[in-house]
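Residue numbers (the numbering used here): 650 to 803.
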């Protein structure tokens, strides 16, 4: 996982070719004026989703992991929090891996929580197999967010 300021995102060029494309797109795009839709950056390898989603409350929060894509989370809402855990520490799967949607969902185990408090100046990059609970507010409401899906070829 990478947790840093958006102003520092160029430091991470060279890790993966597709991540470089995402970084280049972020630095050239006015994220505050981005339309709420899917933005193709490179075919099915890199794309951004600007969306309004329902947040997770304490009762609905769940970890997600991915196998093919990494998630580059751009924080737009100052109240959004995220949890992080290694997939190997997540012991209670709620779903089997869904190849089409590229995720597995896990129950939150109160013993394995790392609560992150990003600001609207931050981004988080979750590699495949890194568990994360995005869009967490402790209560339910609409949340504006951008997630850039970055295909990682191992």
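C-beta atoms are modelled at their ideal positions from N, C-alpha and C, and glycine is treated no differently. All figures in this text were calculated on a predicted structure; none of them were measured in a lab.
Worksheet entry | Beta-carbon contacts of residue 691 that lie in its chain and below 8 Å, excluding the five residues immediately before and after | 667, 670
Worksheet entry | Exposure label - residue 800; buried when at least 16 CB within 10 Å | Its Cβ being crowded by 16 or more others within 10 Å, residue 800 is buried.
Worksheet entry | Contact under 8 Å by Cβ, residue 772 with residue 717 | no
Practice prompt. Assess, as a yes-or-no matter, whether the segment 675-690 is touched by the segment 702-720 under the definition of 3 or more beta carbon pairs within less than 8 Å.
Written response: no
Discussion item. Just verifying my parser: in three-state terms, what is the DSSP assignment at residue 770?
Written reply: In the three-state reduction of the DSSP assignment, residue 770 falls in the coil class.
Worksheet item: Considering only C-alpha positions, which residue in the set 693, 765, 719 is nearest to residue 733?
Response: 765
Worksheet entry | residue 797 - partner residues in DSSP beta bridges | 697, 721
Worksheet item: At which residues does the alpha helix (DSSP H) containing residue 668 begin and terminate?
Response: 666-677
Worksheet item: Where does residue 780 land, buried or exposed, given buried means 16+ other C-beta within 10 angstroms?
Response: buried
Worksheet item: How far does the beta strand (DSSP E) with residue 735 in it reach, from first residue to last?
Response: 730-735
Item to complete: Determine the contact status of residue 714 and residue 752, defining contact as a CB-CB distance below 8 Å.
Response: yes
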